[in-house]
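Q:
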Amino acid sequence: MKESLAALDYIRLDFSAESSATINVALALIMFGVALEIKPEHFKNLIQNPRQLIAGVLSQAILLPAATFGLVMALGDNITVGVALGMILVAACPGGNISNFITSFAKGNVALAVSLTAISTILAVVMTPFNFTFWGNMYAQANSLVRPIELDWRELLKSVMMILGLPMALGMLCSVYLPRLAERLIKPLRQASLVFFIVLVVVAFTKNFDIFINHITYVFLLVLIHNGIALGIGYLTATVFGLSETNRRTLSIETGIHNSGLGLALLFNPAVFPPDLPLGGMAIVAGWWSIWHIVSGTALAFYWQRKSTLVGVKD
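Residue 93 in the working numbering is what sits at position 93 of the sequence shown, and the numbering runs on without skipping anything.
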């Protein structure tokens with residue numbers, strides 16, 4: 001496997017500065033649209049149900065990045081440095097916005113899904129830079145072939161703030177102070193921004209179609225395993241915390257659906273990741289995650305939807 005992936009890290013993907021700027025705008029619009037659905041009572045509900053909050057933060061921001069580090073260490077020489085760091089980067093990103101729709105389809109707790117998406121995105125302003133640099137450097141220290149990650153932590157923090165933090169803050173302010181406008185914007189903005197982002201990902205990989213086809217077999221397998229672990233961590237964490245079946249499904253989806261588009265946006269920001277770094281493997285992993293987690297999440301939601309009995313939400 002490593003031989004097939006070896007050349008991937010050093011491949012120069014055809015992704016222009018204009019494409020990078022466009023994907024940043026698309027992500028900002030998506031996060032603005034997500035924030036329009038966030039109400040003060042969502043945070044109140046989490047405070048009143050601290051087990052849900054603790055389980056959600058633990059699963060997404062702590063356990064998944066740690067488990068990802070364990071996975072790349074276990075894979076050892078079977079993967080390349082770029083692929084390993086791409087997996088760590090995806091794990092460091094917050095939950096994805098489509099998780100709310102998939103949770104609804106799975107008959108999960110939509111209010112909890114929206115609340116956890118908000119919390120994970122707010123925390124991501126700090127936790128995404130922290131988790132990537134911490135676990136990335138741990139990987140570098142454990143692998144003599146990897147140089148320590150020398151990224152400008154402030155640039156990484158600034159980029160996450162601009163892509164996630166600022167749009168979320170503006171969307172939440174609009175939801176509170178301009179509720180009628182927010183209601184009118186939610187549906188069209190959600191649909192338009194999601195389609196816009198999917199088209200961007202498809203276009204980006206259409207330009208690199210040969211590269212993608214040559215390596216997708218191995219990347220597919222790695223992302224399949226990684227995403228499966230993420231879904232499992234969410235469900236098991238909720239089980240350990242004694243949450244209901246409905247909330248277990250919700251936490252599983254929230255942990256398994258990740259904002260890997262943020263990873264792509266950061267990768268193609270030269271102020272964060274210098275262009276001379278071997279980014280090919282990282283970009284392919286993040287790009288395929290952007291597609292696969294929708295497929296796996298929808299399939300799992302369809303399975304759960306077909307189950308006849310749902311357990312009520314526990315306080």
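All C-beta atoms in this analysis are idealised placements derived from N, C-alpha and C, irrespective of residue type, glycine included.
Counting along the chain, where does the alpha helix (DSSP H) carrying SER104 start and finish?
A: Counting along the chain, the alpha helix (DSSP H) containing SER104 begins and ends at 99-105.
Q: Specify, as a first and last residue, the run of the alpha helix (DSSP H) that GLN141 falls within.
A: 110-142
Q: So, is GLN48 buried or exposed, given that buried needs 16 or more other C-beta atoms within 10 angstroms?
A: exposed
Q: Got a sec? Which residues, its chain only, sit under 6 Å from ASN259 by beta carbon, not counting five neighbours each side?
A: CYS93, PRO94 and GLY96
Q: Using a 10 Å radius around the Cβ and a threshold of 16 neighbouring Cβ atoms, would you call PRO65 buried or exposed?
A: Label assigned to PRO65: buried.
Q: For GLY96, which of helix, strand or coil comes out of DSSP?
A: coil
Q: Is it the case that the stretch 249-258 contacts the stretch 284-300, given that we only count it when at least three CB pairs across the two stretches are under 8 Å?
A: yes
Q: Determine whether the beta carbon atoms of LEU36 and LEU185 lie at a separation below 7 Å.
A: Going by beta carbons, LEU36 and LEU185 fall inside the 7 Å limit.
Q: Using the C-alpha atoms, what's the distance from SER159 back to PRO270?
A: 11 Å
Q: With VAL285 as the anchor, note down where its alpha helix (DSSP H) starts and where it stops.
A: Start and end: 280-306.
Q: If we count the other Cβ atoms within 10 Å of its Cβ and call it buried at 16 or more, is ARG306 buried or exposed?
A: Around the CB of ARG306, fewer than 16 other CB atoms lie within 10 Å, so the residue is classed as exposed.
Q: Measuring alpha carbon to alpha carbon, tell me which of LEU156, ALA67, ALA55 and THR103 ends up nearest VAL272.
A: LEU156
Q: For ASP102, is the classification buried or exposed, using 16 other Cβ atoms within 10 angstroms of its Cβ as the cut-off for buried?
A: One detail in the question is off: residue 102 reads as Ile in this sequence, not Asp. Classification for ILE102: buried.
Q: PRO167 and PHE32: beta carbons closer than 7 Å?
A: Remark: C-beta atoms of PRO167 and PHE32 approach each other more closely than 7 Å.
Q: Quick check on TYR177: buried or exposed, where buried means 16 or more other Cβ atoms within 10 Å of its Cβ?
A: exposed
Q: Whether or not the stretch 105-117 and the stretch 130-142 are in contact is what I'm after, with contact meaning three or more pairs of Cβ atoms, one per stretch, closer than 8 Å; do they touch?
A: no
Q: Enumerate in chain order the residues of its own chain whose CB-to-CB distance from CYS174 is below 7 Å, with the five nearest sequence positions on each side excluded.
A: LEU36, LEU181 and ALA182
Q: To the nearest angstrom, how far is the alpha carbon of TYR139 from that of MET73?
A: 7 Å
Q: Could you tell me the distance, in whole angstroms, from the CA atom of VAL311 to the CA atom of GLN141?
A: Note that VAL311 has pLDDT 47, beneath the 50 cutoff, so the model's placement of it is unreliable and no number is given.
Q: Measure the CB-CB distance between SER59 and ILE233 and report whether it falls below 7 Å.
A: yes
Q: To the nearest angstrom, how far is it from the Cα of ASP77 to the Cα of THR237?
A: 30 Å
Q: As a quick exercise: from THR68, ALA28 and MET87, pick the residue whose alpha carbon is nearest that of GLY287.
A: Comparing Cα positions, the closest option is MET87.
Q: I think ALA61 touches MET127, with their Cβ atoms under 8 Å apart; what is that distance to the nearest whole Å?
A: 5 Å
Q: If distances are taken between C-alpha atoms only, which option among ILE225, LEU170, THR250 and PHE130 comes closest to ARG154?
A: PHE130
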